[in-house]
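Undergrad: The sequence shown runs 131 to 476 under the working numbering.
Sharing a structure here in C-alpha cells format.
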Amino acid sequence: MVKIAKIANITLFIITILLFIVTFGANLSECLSPEEFSLSPVLALLLPMLLVANVCFLIYWLVRCYYWSIFPIAALVMSISYISRVYQVKWNDVKMSDSSVSVKLATYNVHSFGKETDGYSCKKIAQYMDENSVDIICFQEFVDNDQFTVDSIKHVFTTWRYKTIVPHTEKVLPLAVFSKYPIISSQLVMYPDSRNCTLICDVLIGKKLVRLFNNHLQTTNMSSRNSMDDTDYTMQTLIANATKRGRQAQALQHMIMKSPHQVLVCGDFNDVPSSYTYRMARGKLKDGFQTAGKGYAYTYRYYKRMLRIDYIFHSESLQAIDYYSPNQELCSDHNPVIMQLGVPQK
Numbered sequence: 131m132v133k134i135a136k137i138a139n140i141t142l143f144i145i146t147i148l149l150f151i152v153t154f155g156a157n158l159s160e161c162l163s164p165e166e167f168s169l170s171p172v173l174a175l176l177l178p179m180l181l182v183a184n185v186c187f188l189i190y191w192l193v194r195c196y197y198w199s200i201f202p203i204a205a206l207v208m209s210i211s212y213i214s215r216v217y218q219v220k221w222n223d224v225k226m227s228d229s230s231v232s233v234k235l236a237t238y239n240v241h242s243f244g245k246e247t248d249g250y251s252c253k254k255i256a257q258y259m260d261e262n263s264v265d266i267i268c269f270q271e272f273v274d275n276d277q278f279t280v281d282s283i284k285h286v287f288t289t290w291r292y293k294t295i296v297p298h299t300e301k302v303l304p305l306a307v308f309s310k311y312p313i314i315s316s317q318l319v320m321y322p323d324s325r326n327c328t329l330i331c332d333v334l335i336g337k338k339l340v341r342l343f344n345n346h347l348q349t350t351n352m353s354s355r356n357s358m359d360d361t362d363y364t365m366q367t368l369i370a371n372a373t374k375r376g377r378q379a380q381a382l383q384h385m386i387m388k389s390p391h392q393v394l395v396c397g398d399f400n401d402v403p404s405s406y407t408y409r410m411a412r413g414k415l416k417d418g419f420q421t422a423g424k425g426y427a428y429t430y431r432y433y434k435r436m437l438r439i440d441y442i443f444h445s446e447s448l449q450a451i452d453y454y455s456p457n458q459e460l461c462s463d464h465n466p467v468i469m470q471l472g473v474p475q476k
C-alpha cells in the first residue's frame, strides 16, 4: 500500500508539473498569433479548465505535501490578468462627473432574431432596452425575414431615432446601430475572405464626437448543438477561423489607432479574453468589464457558460459607470452586454 501511495504521489507530481507548463503556455497564447503558433487558440480556450484543475491540485497538495502546492499557486498567480477579465469585485459605485454626458451602450448578437415571423423576441428586446434606458444599440447578425422585415424591425425600435443598417446579402453578416444620439457618418469595413465586418459610426454625444466600432469578427462555426470534438468542427477549422480573427483584430486595431476621436469598440469578437484576438482588438483601450463590471462574466449562453466573447472597450478618457450582461432567454445564444459611460464635454 505504501509503495502504491508513493507511485500515485509521483504520478500526480508529474501531472502537476505538466499542468503548470501548459498553464504557462496558455497564458502566453494572447501574445502569439495563430499564424506564428497554431495551437495558441486551443490553449486560450483551455485556460479556464486548466485553472480549475490547478485549484484541485492545490487543495490536494495542501493536504498531502504542502510544499508542492507552490506549482498550482504559481499557475494561479500568473493567471491573475486573465482572471480579472472574467471576474471582478466592485467595491464602490462610481458617480459621473457634472461635466460629462451620460451614454448607455448595448451590444447584442441577436442571431437573426431567431428567424421568428411574429417578431416576439425583437419586441421583447426593444422593451428591455427601453426599460434599461439604453441610448445606443449595436446589433450583430441583424437579419430579417419575409414575414418580419427590416421595416418591421425599424418600427419596433422607433425610440432610437438615428440608425445605420447594413443590408443583408449572401456576402455580408449584417450589422446595425440604433441611436438616440445623432449618427453623423458611417462606414462599413469588410474583411478579406469573410462575411464578417465592422461598422464604424461617428456619433455626436453632447458636443463631442465619439467614434463607435460595431464588430462581428470571424465566426467559430460552433452552435449549441455541436461540441468542439464533433467531426464537423475539426481542429483545423478552429485554427483557421482563429487565424482569420487574428488578422481582422490587427486591422481593427489599426483603424482604432487612426481615430481622431474618443472611441467605443464593441461587438461579438468570437474569442475569449485569453486570446490573441482579444489582445489585438483591445490594444490600449480599457475593458469595460474590468473598469465597471462585477461578479462572473460570460456572454455565450451555451458550453457551460464558460465563454466571454462579447465585449465593450473604451478610451481611457471616457468615464466607466456601470457594466452588466443579463441572461436573456430570447432568440439568441448570446447575452446582451450593456455599459454606461460618461463622455467628458471639456
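Virtual Cβ for every residue (Gly too), placed ideally from N, Cα, C.
On a Cα-Cα basis, can you pick out the residue from Phe269, Gln277, Asp274, Ser282 that is closest to threonine 294?
TA: Walking along the sequence shown from the start, residue 294 turns up at place 164. If we check each option's Cα against that of threonine 294, Phe269 comes out closest.
Undergrad: Using DSSP with H/G/I as helix, E/B as strand and the rest coil, what is asparagine 139?
TA: Residue mapping note: residue 139 aligns to position 9 of the sequence shown, counting from 1. Here asparagine 139 sits in helix by DSSP.
Undergrad: According to DSSP, simplified to helix, strand and coil, what is alanine 236?
TA: Walking along the sequence shown from the start, residue 236 turns up at place 106. In the structure shown, alanine 236 sits in a strand (DSSP, three-state: E or B).
Undergrad: In angstroms, rounded to a whole number, what distance separates the CA positions of serine 447 and arginine 412?
TA: As a working mapping, residue 447 is identified with position 317 in the sequence shown. As a working mapping, residue 412 is identified with position 282 in the sequence shown. Each residue's Cα considered, the two are about 15 Å apart.
Undergrad: To test your reading of the DSSP string, which unbroken beta strand (DSSP E) runs of 3 or more residues are found completely within the region 336-404?
TA: 338-346, 392-398
Undergrad: Would you list, in sequence order, the uninterrupted beta strand (DSSP E) runs of no fewer than 3 residues that lie entirely inside the region 190-254?
TA: Segments of the beta strand (DSSP E) lying fully in the region 190-254: 230-239.
Undergrad: Count the C-beta pairs between the region 187-197 and the region 371-390 that are closer than 8 Å, then say yes if the count reaches three, no if not.
TA: no
Undergrad: Does isoleucine 283 come out as helix, strand or coil in the three-state DSSP assignment?
TA: Mapped onto the sequence shown, residue 283 falls at position 153. The DSSP-derived three-state label of isoleucine 283 is helix.
Undergrad: Count the CB pairs spanning the region 363-382 and the region 426-444 that are closer than 8 Å, and state whether there are at least three.
TA: No, they do not touch.
Undergrad: Figure out for me which residue from Trp221, Ala450, Cys327 has the closest Cα to the Cα of glycine 418.
TA: Looking up residue 418 in the sequence shown gives position 288. Closest option to glycine 418, Cα to Cα, is Ala450.
Undergrad: Just to confirm, is the Cβ distance from valine 286 to cysteine 331 under 7 Å?
TA: Locating residue 286 in the sequence shown gives position 156, where the first residue counts as 1. Locating residue 331 in the sequence shown gives position 201, where the first residue counts as 1. Not closer than 7 Å, so no.
Undergrad: Run the proximity test for isoleucine 451: is its beta-carbon closer than 6 Å to any non-hydrogen atom belonging to the ligand HEM?
TA: In the structure on display, the ligand HEM does not appear, and there are no ligands present to speak of.
Undergrad: Just to confirm, is the Cβ distance from isoleucine 335 to valine 467 under 7 Å?
TA: Taking the first residue of the sequence shown as 1, we reach residue 335 at position 205. Taking the first residue of the sequence shown as 1, we reach residue 467 at position 337. Contact flag unset, no.
Undergrad: Tell me whether arginine 341 is buried or exposed, calling it buried when 16 or more other Cβ atoms sit within 10 Å of its Cβ.
TA: Within the sequence shown, numbered from 1, the residue matching residue 341 stands at position 211. So arginine 341 counts as buried.
Undergrad: So what's methionine 320 in DSSP terms, helix, strand or just coil?
TA: The residue given as residue 320 occupies position 190 in the sequence shown. DSSP places methionine 320 in strand when its eight states are reduced to three.
Undergrad: Using a threshold of 7 Å, state whether the C-beta atoms of leucine 303 and asparagine 344 are closer than that.
TA: Start at 1 with the first residue of the sequence shown, and residue 303 comes out as number 173. Start at 1 with the first residue of the sequence shown, and residue 344 comes out as number 214. With a cutoff of 7 Å on beta-carbon distance, leucine 303 and asparagine 344 are scored as not near each other.
Undergrad: If I measure Cβ to Cβ from tyrosine 217 and keep anything under 6 Å in the same chain, skipping five residues before and after, which residues do I get?
TA: Here residue 217 is taken as the residue at index 87 of the sequence shown, counted from 1. Excluding residues within five positions, the ones whose Cβ falls inside 6 Å are Tyr426.
Undergrad: Assign lysine 293 to one of three DSSP states: helix, strand, or coil.
TA: If you number the sequence shown from 1, residue 293 lands on position 163. DSSP places lysine 293 in strand when its eight states are reduced to three.
Undergrad: Any idea what DSSP makes of proline 456, helix, strand or coil?
TA: Position 326 of the sequence shown, counted from the first residue, corresponds to residue 456. Looking at proline 456 - three-state DSSP - the assignment turns out to be coil, as it is neither helix nor strand.
Undergrad: Would you tell me roughly how many angstroms separate the C-alpha atoms of phenylalanine 150 and alanine 422, rounded to the nearest one?
TA: Position 20 of the sequence shown, counted from the start, is the residue given in the question as residue 150. Position 292 of the sequence shown, counted from the start, is the residue given in the question as residue 422. Going from the Cα of phenylalanine 150 to the Cα of alanine 422 covers about 31 Å.
Undergrad: I'd like the list of long-range same chain contacts for isoleucine 283, defined as Cβ closer than 7 Å, with 5 residues on each side in sequence excluded.
TA: For the purposes of this step, residue 283 is taken as residue 153 along the sequence shown, with counting starting at 1. The residues are Cys252, Asp274.
Undergrad: At the level of alpha carbons, what is the spacing between alanine 204 and asparagine 157?
TA: Locating residue 204 in the sequence shown gives position 74, counting from the first residue. Locating residue 157 in the sequence shown gives position 27, counting from the first residue. When rounded, the distance between both Cα atoms is 12 Å.
Undergrad: Whose CA, out of Trp290, Asp260, Leu181, Trp221, lies closest to the CA of serine 404?
TA: Against the sequence shown, residue 404 aligns to sequence position 274. Considering only alpha carbons, the answer is Leu181.
Undergrad: So, phenylalanine 243 versus cysteine 396, is the Cβ gap smaller than 7 Å?
TA: Start at 1 with the first residue of the sequence shown, and residue 243 comes out as number 113. Start at 1 with the first residue of the sequence shown, and residue 396 comes out as number 266. The answer is no: Cβ separation not under 7 Å.
Undergrad: Rounding to the nearest angstrom, what Cα-Cα distance links alanine 174 and lysine 424 in this structure?
TA: Locating residue 174 in the sequence shown gives position 44, counting from the first residue. Locating residue 424 in the sequence shown gives position 294, counting from the first residue. In a straight line, the C-alpha of alanine 174 is about 22 Å away from that of lysine 424.
Undergrad: Note down, in chain order, each residue of its chain lying with its Cβ closer than 8 Å to the Cβ of glutamine 277, except the 5 sequence neighbours on either side.
TA: Along the sequence shown, one-based indexing puts residue 277 at 147. Around glutamine 277: Thr247, Asp248.
Undergrad: With DSSP collapsed to three states, give me the class of cysteine 504.
TA: Beyond the ends of the chain as shown, which are 131 and 476, falls residue 504; an answer cannot be given.
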